[in-house]
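Residues are numbered in the working numbering as their position in the sequence shown, beginning at 1, plus a constant of 148.
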Amino acid sequence: MEAAFAEACAAAREGESPVGAALFAPDGTLLAKAHNRPIVLNDPTAHAEILCLRQAAALLGNYRLPGTILAVTLEPCLMCTGALLHARVSGVIMGALDPRAGAVLSNLDGRALPFANHRMWTVQGVMAEECSALLKRFFLERRKS
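Here's what the structure looks like:
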């Protein structure tokens, strides 16, 4: 989660929503890390999770990433949850939950969609206070501007 949190801090410095992600191989090797970049890239799909999946898929030469574990500072949205399922990511470690748009636990149990042909495990609350505080500080500053 520390690598994902460092990415979230980088996103905040760039003026992007401070969400970071890091994808690890089954042996714990860091495969990819990224942060939100939809503004900089003019790409609505440039969420941290998607950018991590793209990097790892290119590195491994395969769009399927079985056995991998994603650490992410904020609960993934519906788009990212779908991408994680399609990539066959084994598990997701989350910092803060997202009651507004989270689609792993908060608004939808993305782990158990009856039509999906993959299931992933989750752990929630890892560095949740730090992740939540970063998001709150970022948006408080944005509202002041």
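Just so it is clear, CB atoms sit at the ideal spot from N, CA and C, and this is done for glycine as well.
Item: Segments assigned alpha helix (DSSP H), at least 4 residues, entirely inside the region 164-210; Value: 186-189, 196-208
Item: Separation of LEU288 from LEU233, as counted between CA atoms; Value: 33 Å
Item: Residue from CYS157, LEU253, ALA219 with nearest C-alpha to PRO174; Value: ALA219
Item: Own chain, CB closer than 8 Å to ALA151, minus 5 neighbours either side, in chain order; Value: GLY168, ALA170, LEU178, LYS181, ALA219
Item: ALA205 vs LEU282 beta-carbon contact at 8 Å; Value: no
Item: Option nearest HIS183 by Cα separation, candidates ILE198, ASN190, GLY176, PHE172; Value: ILE198
Item: Closest Cα partner of ASN190 within the set GLU223, GLY176, GLU164, CYS225; Value: GLU164
Item: Closer than 8 Å to chain C by CB, ALA154; Value: The chain inventory of the structure shown lacks chain C, comprising one protein chain alone.
Item: Nearest-angstrom beta carbon gap, MET242 and THR270 [assumed within contact, 8 Å]; Value: 6 Å
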